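Notes follow once the structure below has been shown.
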């Protein structure tokens with residue numbers, strides 16, 4: 001199993017104990033907001049004028065927690081109490097750090113919940129990981145999750161995902177067959 | 001006497017040349033700092049056009065055009081590499097660019113001035129990262145203005161670097 005670098009792992013003291021898996025290589029094209037909001041791997045979501053950056057229209061361009069929350073509310077999410085797994089809902093958790101001055105940015109990170117209850121995070125321009133608990137990323141750099149939002153997804157989709165967990169090999173075979181069929 | 005002459009003989013080797021210009025170091029290093037405005041300037045000012053120049057500075061009348069040179073290109077390269085590594089390691093997991101740009105290592109790279117541009121371009125070619133705002137600040141140009149994606153911006157900067165002969 002591939003692991004994060006020692007330097008990066010040491011930034012998150014609870015991560016190793018909680019357990020995680022690295023799902024992608026380092027990629028500066030997208031960040032955690034793009035990944036959690038739309039599974040967008042082509043753009044870096046941030047309210048800033050720079051090539052390759054994107055920010056939804058109509059959302060305030062300041063770096064406040066309210067603006068980052070509004071991005072997800074625009075996508076159909078509503079604020080909820082916690083990050084417990086709820087059937088038929090997908091959740092996101094926004095990490096916030098206490099700031100000492102107005103120049104500092106309170107928002108630090110966002111993770112989204114997978115249908116099996118684990119969480120997925122893109123660590124800035126570094127790797128994309130799946131971690132067993134939300135507390136795994138609590139640290140001096142990320143702070144702690146403070147805002148939770150949820151969105152209703154098809155229960156059928158959620159059920160299908162769970163069923164497919166044990167049939168990875170079968171799914172892969174079906175994919176290969178579909179590709180071959182398309183080539184013909 | 002013989003030894004003295006031997007020492008004084010001008011040589012083309014860089015090491016000997018460096019020894020010669022080092023005598024100016026204490027006096028002119030401070031002036032280099034004044035001209036460049038960089039507090040920890042590694043450079044020294046000397047008049048020899050043979051030296052590896054990094055920037056031209058139009059000084060006051062007394063000095064006309066002076067050349068700021070660095071003790072060794074390797075010094076800048078080593079310093080840049082260590083700062084870039086530090087920046088990457090300590091901010092690689094930050095989700096917000098504004099936070100990454102506030103890091104002291106990033107600002108130290110900016111303070112190194114224009115001599116660091118070739119090294120940033122080389123870094124951009126080997127390990128693409130968000131160096132665009134640093135490059136714009138250091139060069140005063142923005143070839144990535146029309147670019148919409150990250151890859152387009154990287155290509156625009158690398159093309160610009162090749163045209164300026166800052167990148168091979």
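Residue numbers (this note's numbering), protein chains in the order written: chain P, 1 to 184; chain X, 1 to 168. We treat Cβ as the ideally placed atom computed from N, Cα and C, and that holds for glycine. Predicted model, so just to flag it, every value in this text is computed and none were measured.
- Of all residues in the region 69 to 99 of chain X, only 89, 91, 92, 93, 94, 95, 96, 97, 98 and 99 come within less than 8 angstroms of chain P when Cβ atoms are compared, listed by chain position.
- Inclusion of residue 138 of chain X and residue 157 of chain X in the CB contact set at 8 angstroms is not warranted, their separation being larger than that value.
- The beta strand (DSSP E) runs lying completely inside the region 87 to 125 of chain P and spanning 3 residues or more are 89 to 96, 107 to 113 and 119 to 122, given in chain order.
- Segment contact: the region 43 to 60 of chain P against the region 126 to 135 of chain P, fewer than three CB-CB distances shorter than 8 angstroms; contact not assigned.
- Residues of chain P whose Cβ lies closer than 9 angstroms to the Cβ of residue 130 of chain X are, in chain order, 28, 44, 50, 52 and 125.
- In this structure, residue 105 of chain X places its C-beta atom within 8 angstroms of the C-beta atom of residue 86 of chain X.
- The Cβ atoms of residue 31 of chain P and residue 133 of chain X do not sit closer than 8 angstroms to each other.
- In this structure, the straight-line span from the alpha carbon of residue 3 of chain P to that of residue 21 of chain P is close to 7 angstroms.
- Annotated three-state conformation of residue 153 of chain X is helix, per DSSP.
- At a cut-off of 8 angstroms between C-beta atoms, residue 149 of chain X counts as an interface residue with respect to chain P.
- Residues of the region 10 to 24 of chain P with a C-beta atom less than 7 angstroms from some C-beta of chain X are 11, listed in chain order.
- Non-local beta-carbon contacts of residue 90 of chain X in its own chain, meaning distances under 8 angstroms to residues more than five positions away in sequence, involve 103 and 105 in chain order.
- Within the region 60 to 84 of chain P, the residues whose Cβ lies closer than 9 angstroms to any Cβ of chain X are, in chain order, 63.
- Proximity of chain X to residue 7 of chain P at the Cβ level (cut-off 8 angstroms) is accounted for by 89, in chain order.
- Cα atoms of residue 91 of chain P and residue 83 of chain P: separation of roughly 7 angstroms, rounded to the nearest angstrom.
- Rounded to whole angstroms, the Cβ separation of residue 89 of chain P and residue 153 of chain P is 7 angstroms, and the two are in contact under 8 angstroms.
- Contact of residue 109 of chain P with chain X is assigned, a C-beta pair being separated by under 8 angstroms.
- The beta carbons of residue 65 of chain P and residue 107 of chain P sit about 5 angstroms from each other, so the pair counts as a contact at 8 angstroms.
- Take residue 42 of chain P, set aside five residues on each side of it, and the residues of its chain with a beta-carbon closer than 7 angstroms to its own are 29 and 30, in chain order.
- Under the Cβ distance rule, residue 129 of chain P does not count among the residues neighbouring chain X, no pair being separated by less than 8 angstroms.
- Its chain contains 69 and 94 as the residues whose beta carbon lies nearer than 6 angstroms to that of residue 147 of chain P, once the 5 sequence neighbours on both sides are disregarded; these appear in chain order.
- Counting only residues of its own chain and dropping the five nearest sequence neighbours on each side, residue 142 of chain P has a CB closer than 8 angstroms to the CB of 12, 95, 97, 108 and 109.
- For residue 126 of chain X, the enclosing alpha helix (DSSP H) has its first and last residue at 117 to 126.
- For residue 151 of chain P, the closest C-alpha among the options P/113, P/144, P/34 and P/139 is that of P/113.
- For residue 26 of chain P, no pairing in a beta bridge is given by DSSP.
- Contact check for residue 45 of chain P and residue 128 of chain P: beta-carbon distance about 15 angstroms, past the 8 angstroms limit, so the pair fails to qualify.
- With its beta carbon at least 8 angstroms from every one in chain P, residue 123 of chain X lies outside the interface.
- An exposed status is given to residue 178 of chain P, since fewer than 16 other beta-carbon atoms sit within 10 Å of its beta-carbon.
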